[in-house]
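Participant: After the structure tokens below, expect a handful of questions from me.
There are 2 protein chains.
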Amino acid sequence: MTIASDLIRGHTDTIILARLMGEDNYGYEINKSIQQKTDGKYELKEATLYTAFRRLEGAGCISSYWGDEQTGARRRYYKITDKGRDTYATLIEEWASAKSMIDKLIEAQDISLERKG
Amino acid sequence: MTIASDLIRGHTDTIILARLMGEDNYGYEINKSIQQKTDGKYELKEATLYTAFRRLEGAGCISSYWGDEQTGARRRYYKITDKGRDTYATLIEEWASAKSMIDKLIEAQDISLERKG
DNA sequence: CAATATACATTGACAGGCGAGGTATATTGT
DNA sequence: ACAATATACCTCGCCTGTCAATGTATATTG
Chain X
1 MTIASDLIRG HTDTIILARL MGEDNYGYEI NKSIQQKTDG KYELKEATLY TAFRRLEGAG
61 CISSYWGDEQ TGARRRYYKI TDKGRDTYAT LIEEWASAKS MIDKLIEAQD ISLERKG
Chain U
118 MTIASDLIRG HTDTIILARL MGEDNYGYEI NKSIQQKTDG KYELKEATLY TAFRRLEGAG
178 CISSYWGDEQ TGARRRYYKI TDKGRDTYAT LIEEWASAKS MIDKLIEAQD ISLERKG
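Order-wise, the sequence lines are chains X and U. If you count the first sequence from 1, position 107 lands on 107 in our numbering, and the numbers rise without skipping. If you count the second sequence from 1, position 87 lands on 204 in our numbering, and the numbers rise without skipping.
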């Protein structure tokens, strides 16, 4: 893992909801797409992934159903709900706000610049 | 609190180290400066703040000493160490990388655009 | 027929954030 | 004189999210 998990912590739900905005998908594939998008730099651990699905379903942000594959392992598909879309929109806004706030806060404190205003 | 704490989680140490890059400072004042920088949108809870100081000191990123105020409440000042500066630099890089990664991951999955390449 | 990939799931430990509570000093208002 | 507020420090114990470890079942590949 290249990126510290604590930096992503809090974005897991947003990342999953984003993956479901286009079309329904199942856990294993969602995680693969995350690995692809980040060129292997990041992946959700399975325990984290499935915990998040339970949490999001409990909150009414997603619903789930079993796929009807005739072969291979069974797949549980997830669908984003209207509440999930609302939540996603809110989370995106919060991210934009948090991002600029963190940027402002982690700049090194330069006293000379500070004094010059 | 305007911003969900989990979005900041993982940045607490970076924020504190950044505040100490310019000059030594004490806890209460550090937190005030965070509130000012964010126009009151964010502050570290005291328990979080002092936990972080212990953690950073334990890790050798900061050292501390008591101020010599002749009046008012006592102040424990913190000074960033060489290791702290190295750590800070690393954390800043990680943030840049995490930021672009999250941006990539939380974009809504648009199938039509996806197919067009 | 063993190894690997796909695909799901749970348990228990761990770490960070924080509400609640505590200590002590100085100033301000009445 | 005295209460309230501001400054300034600190700890305990709960809560939540992450994740290593472990387990299940099916299909493919060497």
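Note that the Cβ used here is the ideal one computed from N, Cα and C, for glycine as well. Values in this document were obtained by computation on a predicted structure and should not be read as measured data.
(1) Excluding the five sequence neighbours on either side, which residues of its own chain have a C-beta within less than 6 Å of the C-beta of residue 121 of chain X, listed in chain order?
(2) Going along chain U in order, which residues have a C-beta closer than 7 Å to the C-beta of residue 42 of chain X?
(3) Does the Cβ of residue 145 of chain U have 16 or more other Cβ atoms within 10 Å, making it buried, or fewer, making it exposed?
(4) Can you find a C-beta in chain U that's less than 8 Å from the C-beta of residue 24 of chain X?
(5) Is there contact here, the region 90-107 of chain X with the region 211-221 of chain U, by at least three beta-carbon pairs under 8 Å?
(6) Assuming contact is defined by CB atoms lying nearer than 8 Å, are residue 235 of chain U and residue 200 of chain U in contact in what I supplied?
(7) Can a CB atom of chain U be found closer than 8 Å to the CB of residue 95 of chain X?
(8) Roughly how many angstroms separate the alpha carbons of residue 137 of chain U and residue 76 of chain X, rounded to a whole number?
(9) For residue 87 of chain X and residue 17 of chain X, which I take to be in contact (beta-carbon distance under 8 Å), what is that distance rounded to the nearest angstrom?
(10) How many angstroms separate the CA atom of residue 218 of chain U from the CA atom of residue 90 of chain X?
(11) Anything in chain U within Cβ reach of residue 49 of chain X, meaning under 7 Å, just list it in chain order.
(12) In angstroms, rounded to a whole number, what distance separates the CA positions of residue 37 of chain X and residue 46 of chain X?
Facilitator: Result, derived from the coordinates:
(1) Residue 121 of chain X is absent from the structure shown; chain X starts at 1 and stops at 117.
(2) Within the first sequence, the letter at position 42 stands for residue 42 of chain X. Those are 218, listed as they occur along chain U.
(3) In the second sequence, residue 145 of chain U corresponds to position 28, counting from 1. With fewer than 16 Cβ atoms within 10 Å of its Cβ, residue 145 of chain U is classed as exposed.
(4) Locating residue 24 of chain X in the first sequence gives position 24, counting from the first residue. Not an interface residue.
(5) yes
(6) Residue 235 of chain U is absent from the structure shown; chain U starts at 118 and stops at 234.
(7) Counting from one through the first sequence, the residue named residue 95 of chain X turns up at place 95. Put simply, the CB of residue 95 of chain X is near chain U, with a gap under 8 Å to one of its CB atoms.
(8) Translated into the one-based positions of the second sequence, residue 137 of chain U becomes position 20. Translated into the one-based positions of the first sequence, residue 76 of chain X becomes position 76. C-alpha separation (whole angstroms): 49 Å.
(9) Counted from its first residue, the first sequence places residue 87 of chain X at position 87. Counted from its first residue, the first sequence places residue 17 of chain X at position 17. So it is a contact: roughly 7 Å between Cβ atoms.
(10) Translated into positions along the second sequence, residue 218 of chain U becomes position 101. Translated into positions along the first sequence, residue 90 of chain X becomes position 90. Taking the straight line from one Cα to the other gives about 19 Å.
(11) Stepping through the first sequence from its first residue, residue 49 of chain X is reached at position 49. By Cβ distance, chain U contributes nothing, its closest Cβ being about 13 Å from residue 49 of chain X, past 7 Å.
(12) Your numbering for residue 37 of chain X matches position 37 in the first sequence. Your numbering for residue 46 of chain X matches position 46 in the first sequence. The straight-line gap from Cα to Cα measures roughly 17 Å.
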